[in-house]
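Colleague: Residues in the sequence shown are numbered consecutively from 1, following UniProt numbering.
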Amino acid sequence: MLTMMVLYGHPKDPAAFRRHYEEVHLPLARALPGVSNIRVSYDVHDVQGGSPYFAIFTCDFDDAAAYGDAMRSDAGRAVGADVPNYADGGVTVLTLGSD
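1. If we define contact as Cβ-Cβ less than 9 angstroms, is H25 a contact residue for chain C?
2. To which residues of the same chain is D25 closer than 6 angstroms at the C-beta, ignoring the five residues directly before and after it?
3. In terms of residue numbering, what span does the beta strand (DSSP E) encompassing V91 cover?
4. Pull up the DSSP beta-bridge partners for V6, would you.
5. Does the separation of the CB atoms of L28 and C59 fall below 9 angstroms?
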């Protein structure tokens, strides 16, 4: 299994971020071929109570090949093209493999 994790920095307008994310971006992400177990959290805190992140998105793919296929698909290109429309606080994308 491969997990994709997306860490979003604090946006200038949190309400606008959330609205666009939930109404536009998440439907695009759900259309990715092979995606499963989509999770989003806006309740992001480190152990001291702060956080450099506003939101964290995670989802799973069967393996690295399935992830690559999804990102190269039309749906994957649409997801990537949408990010600048709402993520003005910065974004970090990580992949986590499991054995």
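Backbone N, C-alpha and C define an ideal beta-carbon position, used for all residues, glycine too. Every value quoted in this text rests on a predicted model; they were computed, and no experiment measured them.
Modeller: Quick look at the numbers:
1. As a matter of chain content, chain C is missing from the structure shown, which is built from one protein chain.
2. Here residue 25 refers to the residue found at position 25 when the sequence shown is read from its first residue. The sequence shown places His at residue 25, not Asp. The residues D82, in chain order, have a CB closer than 6 angstroms to that of H25 in the same chain once the five nearest residues on each side in sequence are set aside.
3. Here residue 91 corresponds to residue number 91 of the sequence shown, with the count starting at 1. Looking at the DSSP string, the run of the beta strand (DSSP E) that includes V91 is 91–97.
4. Against the sequence shown, residue 6 aligns to sequence position 6. In the DSSP assignment, V6 is bridged to F57, V93.
5. If you number the sequence shown from 1, residue 28 lands on position 28. If you number the sequence shown from 1, residue 59 lands on position 59. Not closer than 9 angstroms, so no.
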